[in-house]
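Residue numbers (this note's numbering): 9 to 496.
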């Protein structure tokens, strides 16, 4: 099949970056490397075709740089915020039209202009400005690339279709263009759901949503050879393994810590496909069943035993596959029900911006119960400890925070590859806490591990990485001084 002019232009542009778009059976389009890439190499970077910050009643961000300080609301539309004239000027060509259409809306309806609605409005406005040559088009930045993205319309359930139709009607109401096609807008909402990326800061905290049509060609693997990170609004894909010439570039679309069944469910629900990566191909095999029982199952009654539990033949309990001890189903149900009740009734209803002490107390009870219930490498237990770590840092209980951080590290090391940004960030948190607590030697070890991982996933030129490298140098200098003082 002959390629479209837009695809021919894209192939030409990617050739200079040692990449090519190909088609793989059962997966569709993919991005292939035409040279060897090595850990830390930038494979591709792209600015968003459109993006929007995750503004809410609790938090607002600058439309240009996603900053949260010194914000002023656009006096015209009263919807968009800017941190200053630099960002406002940079966004003006597009926002001038957006401001016009949003200003026509009745004030009470403007609160319905969610980030998703804004993304769609901006998509059509950008298409218009590019067609009128007000904003330039390039081989990697044009609407044809958006149209080429998979929409999965035939796989969507009726409820989702109705929601997309309602959202499309709102976009139509905002734009008021006679030529606009509501069915096409609904299809683009489905494209967003399958192809848009959450824009995160260097510590992987979500800031907004962006559409990166070339990066969206990259397929998913639960054992990816690359990682997607963001530098401001720019999406950057870096190799985390050696990628031989002719190999497919692969990133992960989801949180990969979890059983194969959990990952498959997440991918099916959000991205509407079944993963066949080497990790998922092991589903149902003995090592996969064992890993699922460890990550999402129960602990042995013997506290010193790290065996995993499987349901007994009579269905009345779970038996440890290591020492043979059986845990009664009723006992497990009792603790699990209490954990669920506490999580729903106490922790989830606490105001995240206050009541930190109450939240700490609630999560400590949950953590104690989960420690009795779950395997020591349980994902849910790790997540509870992660929440406690963050809450304790908020109230500046550094020693306790460090203790919980150290409890999470063995699980992070188990569920993530050696080069994974979340593992690197956890080492960084541990290093900072050790330094606060005066354990300079420990801090140097943890910060060194953080740098070893994050210099590959994040590069070394961002403000975040420069700060990390500076912290490591300071910790090393302090450790050296302490050692020389001891020697004297």
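A virtual CB, placed ideally from N, CA and C, is assigned to each residue, including glycine.
DSSP state of residue i mapped onto helix, strand, coil
i, result
"residue 147", "coil"
"residue 185", "coil"
"residue 221", "coil"
"residue 328", "strand"
"residue 450", "helix"
"residue 278", "helix"
"residue 73", "coil"
"residue 36", "strand"
"residue 66", "coil"
"residue 420", "helix"
"residue 261", "coil"
"residue 489", "helix"
"residue 180", "helix"
"residue 9", "Because residue 9 sits at a pLDDT of 48, beneath the cut-off of 50, its placement in the model cannot be relied upon, and the following sentence gives the value as read from the coordinates. Of the three classes helix, strand and coil, the one that applies to residue 9 here is coil, per DSSP."
"residue 497", "The structure shown has nothing for residue 497, since the chain only spans 9 to 496."
"residue 90", "strand"
"residue 80", "strand"
"residue 425", "coil"
"residue 471", "helix"
Bridge partner(s) assigned by DSSP for residue i
i, result
"residue 306", "382"
"residue 214", "208"
"residue 336", "325"
"residue 252", "DSSP, once it has assigned bridges, lists no residue as partnering residue 252."
"residue 30", "38"
"residue 120", "Answer is none; residue 120 lacks a bridge partner."
"residue 227", "258"
"residue 61", "216"
Chain-order list of residues whose beta-carbon lies under 8 Å from that of residue i (same chain, five-residue window excluded)
i, result
"residue 72", "90, 91, 94, 95, 96, 98 and 99"
"residue 182", "109, 110, 112, 113, 121, 125 and 129"
"residue 21", "146, 147 and 148"
"residue 68", "61, 76, 79 and 89"
"residue 479", "439, 440, 443 and 455"
"residue 378", "347, 386, 388, 389 and 392"
"residue 313", "328, 330, 331 and 333"
Under 8 Å between C-beta atoms of residue i and residue j
i, j, result
"residue 431", "residue 413", "no"
"residue 396", "residue 372", "yes"
"residue 48", "residue 243", "no"
"residue 217", "residue 60", "yes"
"residue 195", "residue 227", "no"
"residue 170", "residue 193", "no"
"residue 334", "residue 320", "yes"
"residue 399", "residue 368", "yes"
"residue 435", "residue 265", "no"
"residue 258", "residue 234", "yes"
"residue 40", "residue 30", "yes"
"residue 236", "residue 245", "yes"
"residue 403", "residue 465", "no"
"residue 58", "residue 219", "yes"
Cβ-based neighbour list, residue i, same chain, cut-off 6 Å, excluding 5 preceding and 5 following
i, result
"residue 285", "229, 230 and 231"
"residue 9", "Note that residue 9 has pLDDT 48, beneath the 50 cutoff, so the model's placement of it is unreliable and the number below is only indicative. Here the set comprises nothing."
"residue 88", "71 and 82"
"residue 13", "none"
"residue 502", "Outside the displayed span of the chain (9 to 496) sits residue 502, for which this structure offers no information."
"residue 323", "none"
Chain-order list of residues whose beta-carbon lies under 7 Å from that of residue i (same chain, five-residue window excluded)
i, result
"residue 42", "26, 27, 28 and 253"
"residue 484", "452"
"residue 449", "487"
"residue 305", "316, 317 and 383"
"residue 274", "262"
"residue 301", "316, 317 and 318"
Element boundaries [alpha helix (DSSP H), containing residue i]
i, result
"residue 432", "429 to 444"
"residue 94", "93 to 112"
"residue 129", "123 to 139"
"residue 393", "387 to 402"
"residue 193", "190 to 203"
Any C-beta of chain D under 8 Å from that of residue i
i, result
"residue 388", "In summary, chain D is missing from the structure at hand, where a single protein chain is found."
Range of the contiguous beta strand (DSSP E) that encloses residue i
i, result
"residue 247", "242 to 247"
"residue 235", "234 to 239"
"residue 56", "First-last for residue 56: undefined, no H or E at that position."
"residue 318", "317 to 319"
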